[in-house]
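In our numbering, the protein residues as written are 4 to 244.
In this text, a Cβ means the ideal position worked out from N, Cα and C, and glycines have one as well.
All of these numbers come straight from a predicted model, not from anything done at the bench.
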Amino acid sequence: MRIKGGYTSYGQYIGILMMDTVFPRLVGDIGNARTYKIPVKYYTVRNINTDKMNPSNAEKLLLQPFIEAAKELEKEGCKAITTSCSFLTGFQKQLADAVNIPVFTNTLILAPFIHTMLNSKLKIGILTERADLIHDDTFKQLGWSSNDIPVNISGMTEDSPFSKLFIHDNLEEDLEVLEDCIKELTLRHMEQNPDTGAIILECTNFAPFTNLIQNISGIPVFGINQLLEYMDSCISAPEYY
Numbered sequence: 004m005r006i007k008g009g010y011t012s013y014g015q016y017i018g019i020l021m022m023d024t025v026f027p028r029l030v031g032d033i034g035n036a037r038t039y040k041i042p043v044k045y046y047t048v049r050n051i052n053t054d055k056m057n058p059s060n061a062e063k064l065l066l067q068p069f070i071e072a073a074k075e076l077e078k079e080g081c082k083a084i085t086t087s088c089s090f091l092t093g094f095q096k097q098l099a100d101a102v103n104i105p106v107f108t109n110t111l112i113l114a115p116f117i118h119t120m121l122n123s124k125l126k127i128g129i130l131t132e133r134a135d136l137i138h139d140d141t142f143k144q145l146g147w148s149s150n151d152i153p154v155n156i157s158g159m160t161e162d163s164p165f166s167k168l169f170i171h172d173n174l175e176e177d178l179e180v181l182e183d184c185i186k187e188l189t190l191r192h193m194e195q196n197p198d199t200g201a202i203i204l205e206c207t208n209f210a211p212f213t214n215l216i217q218n219i220s221g222i223p224v225f226g227i228n229q230l231l232e233y234m235d236s237c238i239s240a241p242e243y244y
């Protein structure tokens, strides 16, 4: 048997594009490698952090650095790429076109799949940090529209400590405070939208609290971690015989 090289390191088939941030990342967060049962490869895009990110300057500041980073991950042997930041969802098509491996910028890409499974009377709930930034232009980048797939969107309150920690890139916060923010968001969403049949966690920072959200809502919750490990099983299928 002949073995083939070409890379410096091997076996890290999922590449993760990261911003240059310092906020804490719990186990369960996409930026904590202990979250996954599989090895992942991180690539930090330097000097790009939450302070520089807003809809008006996103394309100018973000697109080209992240395209170059995605190309580097492909060169290093990754077979699929995801991101830690939902701002990049608006560039799903550009990032996917920049490389020759699958790119999935956000769990919202699962909406058509989830919609097909649900009773037609039920809607998909989307939990996010900034509800005002999630709209049909975002969905269209991912290949669907809210005209065809009904959704209910709920975000953190304006003064939420959760958003202050992650959006303002702070160094620390009490875990209990973060849990209370998640509880408030989930309870508010379910009370206002009782026709929610499944939830998508648009924000990757919600992922450590997936179990908490599911216990409160009582419905299926789809997050980036489940999607990442599913993608790994598709690009590195196990041998069954």
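Given residue i as reference, the closest of the options once Cα atoms are compared
{"i": "Ser-12", "options": "Gly-31, Gly-80, Leu-188 and Ala-73", "result": "Gly-80"}
{"i": "Thr-189", "options": "Leu-168, Phe-169 and Thr-213", "result": "Thr-213"}
{"i": "Asn-196", "options": "Glu-179, Pro-153 and Val-25", "result": "Pro-153"}
{"i": "Ser-149", "options": "His-118, Pro-105 and Phe-169", "result": "His-118"}
{"i": "Met-22", "options": "Glu-179, Gly-14 and Cys-88", "result": "Cys-88"}
{"i": "Gln-15", "options": "Val-25, Val-180 and Tyr-45", "result": "Tyr-45"}
Start-to-end residues for the beta strand (DSSP E) that takes in residue i
{"i": "Val-48", "result": "43 to 48"}
{"i": "Ala-114", "result": "Premise fails: Ala-114 lies in the alpha helix (DSSP H), 114 to 120, not in any beta strand (DSSP E)."}
{"i": "Leu-20", "result": "17 to 22"}
{"i": "Thr-131", "result": "126 to 131"}
{"i": "Ala-201", "result": "199 to 204"}
{"i": "Asn-155", "result": "154 to 158"}
{"i": "Ile-84", "result": "83 to 86"}
Residue environment, residue i, which counts as buried when at least 16 other CB atoms sit within 10 Å
{"i": "Phe-116", "result": "exposed"}
{"i": "Ile-6", "result": "exposed"}
{"i": "Lys-40", "result": "exposed"}
{"i": "Thr-199", "result": "buried"}
{"i": "Cys-237", "result": "exposed"}
{"i": "Asp-32", "result": "buried"}
{"i": "Gly-128", "result": "buried"}
Terminal residues of the alpha helix (DSSP H) in which residue i lies
{"i": "Ser-220", "result": "213 to 220"}
{"i": "Leu-76", "result": "67 to 78"}
{"i": "Thr-141", "result": "139 to 144"}
Distance CB(residue i)-CB(residue j) smaller than 8 Å
{"i": "His-192", "j": "Leu-113", "result": "no"}
{"i": "Val-43", "j": "Pro-68", "result": "no"}
Three-state secondary structure (DSSP) of residue i
{"i": "Ile-238", "result": "helix"}
{"i": "Leu-98", "result": "helix"}
{"i": "Leu-174", "result": "coil"}
{"i": "Lys-167", "result": "helix"}
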